[in-house]
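**Student:** One structure coming up, written as structure tokens, with questions to follow.
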Amino acid sequence: MLVKITVLSENTAGAGFLAEHGLSYLIEHNGNCLLFDTGASDVFLKNADKLNLDVPSAVDTVVLSHGHWDHGNGLQHLHGQKLVTHSKSFIKRYRKGNDSALAFIEENSLVVITGCSHSGICNIINQAQIVTGIQKVKAVMGGFHLKKNNEQTHKTIQFFKRLGVEEAYPSHCVELEALSAFQREFNNLQVKTGMEIVI
């Protein structure tokens, strides 16, 4: 079964959808449906409605990557779902690197989905490889926390290339110059609200 990701909250709006500084993905895999982050407001629910998705009924688990407002403020609009997050997600801090990611196993390769990559997208991928024992990485999606088309962005792209990453979908906390650098290398679509990506 492939991994299907529906973008419900994101910095860039798809046609007819709302955008905000935030991130929320509805993820379907092997008959399971979970919500990864909830964005900064109820935008994820409004965009889901436009897609005829009843998130509160479809989702029984919400995974929160970290406790920043742009990933977790939407929690107040959900009730009754199981919350999976690090026990220290809600400690007040802004700068310290703390976030979780998801790694799906698909045909003996990894699909890594991240919220903000405060601890570094390359570190997150390495940790996913260690935890799963799988080295092949098919796709990476989410906030890579890259700003400019600079040395850090180039080293990240080269790291992806060395691993043989086939699909890269940077979003949210990746600024335009870095997005453009990834697009040149991976010919990826720009992630927008309302978009469905099947990996």
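The numbers in the sequence shown follow the working numbering, run straight up by one, and end at 185.
Each residue gets a CB set at the ideal place from its N, CA and C atoms; glycine is no exception.
Note that the coordinates shown come from a computational prediction; the quantities given were computed from them, not determined experimentally.
Helix, strand or coil for T139 per DSSP?
**Tutor:** Helix, per DSSP.
**Student:** Tell me whether the beta-carbon of A154 lies closer than 7 Å to the beta-carbon of V126.
**Tutor:** A contact, by the Cβ cut-off of 7 Å.
**Student:** Suppose only complete runs of 4+ residues qualify. What are the alpha helix (DSSP H) ranges in the region 23 to 78, listed by chain order?
**Tutor:** Segments of the alpha helix (DSSP H) lying fully in the region 23 to 78: 29 to 36, 41 to 44 and 55 to 58.
**Student:** What are the partner residues of F90, as DSSP defines its beta bridges?
**Tutor:** DSSP, once it has assigned bridges, lists V97 as partnering F90.
**Student:** Hey, out of L4, G106, A26 and V(-11), whose CA is closest to N59's CA?
**Tutor:** Closest option to N59, Cα to Cα, is A26.
**Student:** Compare the Cα-Cα distances from G8 to each of F30, C19 and S95 and report the closest residue.
**Tutor:** For G8, the nearest C-alpha among the options comes from F30.
**Student:** Tell me whether L9 sits in a helix, a strand or coil according to DSSP, three-state version.
**Tutor:** The answer is coil: DSSP assigns L9 none of H, G, I, E or B.
**Student:** Can you check which of these residues, T100, D46 and L64, is closest to E(-4) by C-alpha distance?
**Tutor:** It is T100 whose Cα lies nearest to the Cα of E(-4).
**Student:** Specify, as a first and last residue, the run of the alpha helix (DSSP H) that A154 falls within.
**Tutor:** Counting along the chain, A154 falls outside any alpha helix (DSSP H), though it belongs to the beta strand (DSSP E) covering E153 to S157.
**Student:** Quick one: grab the DSSP three-state call for I110.
**Tutor:** In this structure, I110 counts as helix in the three-state DSSP scheme.
**Student:** Throw me the rounded Cβ distance for the F168 and C108 pair, which I believe falls under 8 Å.
**Tutor:** 14 Å between Cβ atoms; not a contact.
**Student:** Which two residues bound the contiguous alpha helix (DSSP H) that contains L162?
**Tutor:** Element bounds for L162: L162 to F172.
**Student:** Along the chain, where does the beta strand (DSSP E) containing I185 start, and where does it finish?
**Tutor:** Run containing I185: none; DSSP gives neither H nor E here.
**Student:** What residue range does the beta strand (DSSP E) around S103 cover?
**Tutor:** First-last for S103: undefined, no H or E at that position.
**Student:** Does K(-10) come out as helix, strand or coil in the three-state DSSP assignment?
**Tutor:** Reduced to three states, the DSSP call for K(-10) is strand.
**Student:** Sorted by chain position, which residues of the same chain lie with C-beta nearer than 6 Å to F172's C-beta, five sequence neighbours on each side aside?
**Tutor:** Answer for F172: A154, listed in chain order.
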